[in-house]
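Trainee: Next up is a structure, given as structure tokens.
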Amino acid sequence: MTAHSVRMRGFTRYTTVEDALNRLLARIGRVGPETVPVTESLGRIVYEDVYSPRDVPHFDRSAMDGYAVIAEDTFGASQHNPVKLRVIGEVAVGKPPSLEVARGEAAQIATGAPIPPRADAVVMVEYTKRVNDELEVFSPVTPGQNISKRGEDVRKGQRILSSGRQIRPQEETMLLQCGITEVRVAKKPRVAIASTGNELVDIQTPPGLGQVVGTNSYTIASLVRVYGGQPEILGLFPDNPEEIEKAIDDALKYDMAVFSGGTSVGKYDYLPDLLKEKGDMIIHGVATKPGSPTAIFFHRDKPVFCLPGYPVATMIAFTVFVAPAIRKMLGAERLDPRVFVEAKMSRKVASKLGRRDFIRVKIEETAEGYLAVPLRAGGSGIVSSMVNADGMVEIPENVEGINEGERVRVALFPHLVV
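First residue of the sequence shown: -12, per the numbering used here; consecutive thereafter.
Written out as structure tokens, the structure reads:
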């Protein structure tokens, strides 16, 4: 079952979260590429497979401080019967070797220094004793021992990053080690953001009786950045059809648009009807709590989201619908980059069959593992319930609540802004 009837005026049916996501993501296309310096690529999504133009390391090098030797010379060495070799010089880091090791000889070598010609192993300094140019070796080595071979990490022509991979510090390091200083990444989708409502006032304005500080645009902008987009706040718009239509026209110049407020079924909720005139409505009313008035439209190939006006509902609806849409636009291999942990529910939580509930929880660490503690402040306007929470637990539509002690999967809120 993908939808069911509701009694509320204005919504004839609620669509399930799964069905809404399927309809949404089926119409999302990928943005184009751009080239950026690797040193500025943190958090970006790789646009196409990347191949190494060289071996890493590009020479055989010592993995230990010790002596470069011909391994066969050390066979049979022991504490009571050391092998004696003649030290012919030293190989330093950062310079090509100026000597060649022959049978019965050894060269002092530092970690990371290139292996001199003919040497095929390194004896760790701990297993040697040196007196002037005479070296006693107390432990044998085999060919290749304690040597980091050319191409051991990466071979020339090897794929090092796949399309859709998100670049972390370790990916930056890999690219630079391979001699790659620029990388093609997906352009950040440009996301227009607007809030509607006669009650809204600017964040610099002390609210009067009945007024509300318009924070949603800034919340949405931060979430857009978290998931890889580039936000543009258009401003606050009163519940006036002409003003809202102007906001819509401006928003449609971007890759995506996100509105908050004015999406329910009240007298002054003009936004859905105005958007119907400009594109296709694929969803209005989702079987979820909070966030049920969410609406999704497409203007040609551009997604337009109408999120509820209450801050908590806005944040959760964004995470459920807008975030995966941005990630799909980027071509990210993971549409949901959040970290999930398993925990036990600290108390029973009720829910309604046919509706997906998102429960804010705090994570506590116990001797038996993690405990998910539901926060009792459940209203969509209680921002402190999000501030005090570490993540969310989803209760599926076909489940009537979660029992105390039941194991649940907690989606942790993302902390890194990239």
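No residue lacks a Cβ here, since even glycine has one placed at the ideal position from N, Cα and C.
Identify, in the order they occur along the chain, each residue of the same chain with its Cβ nearer than 8 Å to the Cβ of R73, setting aside the five sequence neighbours on each side.
Mentor: Excluding positions up to five away in sequence, the list reads G91, E92, A93, D120, E121, L122.
Trainee: Is the distance from the Cβ of D344 to the Cβ of K276 below 8 Å?
Mentor: Yes, Cβ-Cβ distance for D344 and K276 is below 8 Å.
Trainee: For a quick check, are the C-beta atoms of F246 and L11 less than 8 Å apart?
Mentor: Not in contact: F246 and L11 (Cβ atoms no closer than 8 Å).
Trainee: Under 7 Å: does the beta carbon of I283 sit that close to some heavy atom of the ligand SAM?
Mentor: Although the ligand SAM was asked about, the structure shown includes no ligands whatsoever.
Trainee: Three-state secondary structure (DSSP) at P295?
Mentor: Here P295 sits in coil by DSSP.
Trainee: For V374, count neighbouring Cβ atoms within 10 angstroms of its own Cβ and tell me buried if that reaches 16, exposed if not.
Mentor: With fewer than 16 Cβ atoms within 10 Å of its Cβ, V374 is classed as exposed.
Trainee: Buried or exposed: A354, going by 16 or more other Cβ atoms within 10 Å of its Cβ?
Mentor: Exposed, since its Cβ has fewer than 16 Cβ neighbours within 10 Å.
Trainee: Determine the closest residue to A414 out of K82, D226, A312, with distance taken between C-alpha atoms.
Mentor: Lying before the first or after the last residue shown, residue 414 is absent from the chain, which here runs from -12 to 405.
Trainee: Which same chain residues end up closer than 8 Å to A(-10) when comparing Cβ atoms and leaving out the 5 residues on each side of it in sequence?
Mentor: Unreliable positioning characterises A(-10) in this predicted model, as indicated by a pLDDT of 46, which lies under 50. The coordinate reading is nonetheless provided below. The residues are R0, Y1, T2, T3, D6, A274.
Trainee: Looking only at C-alpha atoms, which of V170, E59, Y114, G378 sits nearest to V360?
Mentor: Comparing Cα positions, the closest option is G378.
Trainee: Tell me the DSSP secondary structure of M51 in three-state form.
Mentor: Three-state DSSP puts M51 in coil, outside helix and strand.
Trainee: Mind checking which residues open and close the beta strand (DSSP E) that includes R343?
Mentor: Note, R343: beta strand (DSSP E), 343 to 353.
Trainee: If we count Cβ pairs, one from each stretch, closer than 8 Å, do we get three or more for the region 223 to 240 versus the region 292 to 306?
Mentor: The answer is no - the region 292 to 306 does not touch the region 223 to 240, with fewer than three Cβ pairs under 8 Å.
Trainee: Helix, strand or coil for E92 per DSSP?
Mentor: Strand.
Trainee: Roughly how far, in whole angstroms, is the beta-carbon of V43 from the beta-carbon of V170, given that I think they are within contact range, below 8 Å?
Mentor: That pair is no contact at about 16 Å.
Trainee: Quick check on the burial criterion: 16 or more other C-beta atoms within 10 angstroms. Buried or exposed for A300?
Mentor: By the 10 Å Cβ count, A300 comes out buried.
Trainee: Taking the C-alpha atoms as reference points, what is the distance between A173 and L148?
Mentor: When rounded, the distance between both Cα atoms is 14 Å.
Trainee: Restricting to Cα atoms, I'd like to know which of I57, Y114, P40 is closest to A106.
Mentor: Ranking I57, Y114, P40 by Cα distance to A106 puts I57 first.
Trainee: Helix, strand or coil: which one does DSSP assign to T192?
Mentor: Note: T192 maps to coil in three-state DSSP.
Trainee: DSSP has I167 in a bridge; who is on the other side?
Mentor: In DSSP, I167 forms no bridge with anything.
Trainee: Buried or exposed: where does A330 fall if 16 or more other Cβ atoms within 10 Å of its Cβ makes it buried?
Mentor: By the 10 Å Cβ count, A330 comes out buried.
Trainee: When DSSP builds the beta bridges, which residues end up paired with S135?
Mentor: For S135, which the question treats as bridged, DSSP gives the partners R48.
Trainee: Could you tell me how far apart the beta carbons of D242 and V178 are, in whole angstroms, since I believe they sit closer than 8 Å?
Mentor: Rounded, the Cβ-Cβ distance is 7 Å, consistent with contact.
Trainee: Taking 8 Å as the threshold, find out whether the region 121 to 136 comes into contact with the region 41 to 55 through three or more Cβ pairs.
Mentor: At 8 Å Cβ cutoff, the stretches touch.
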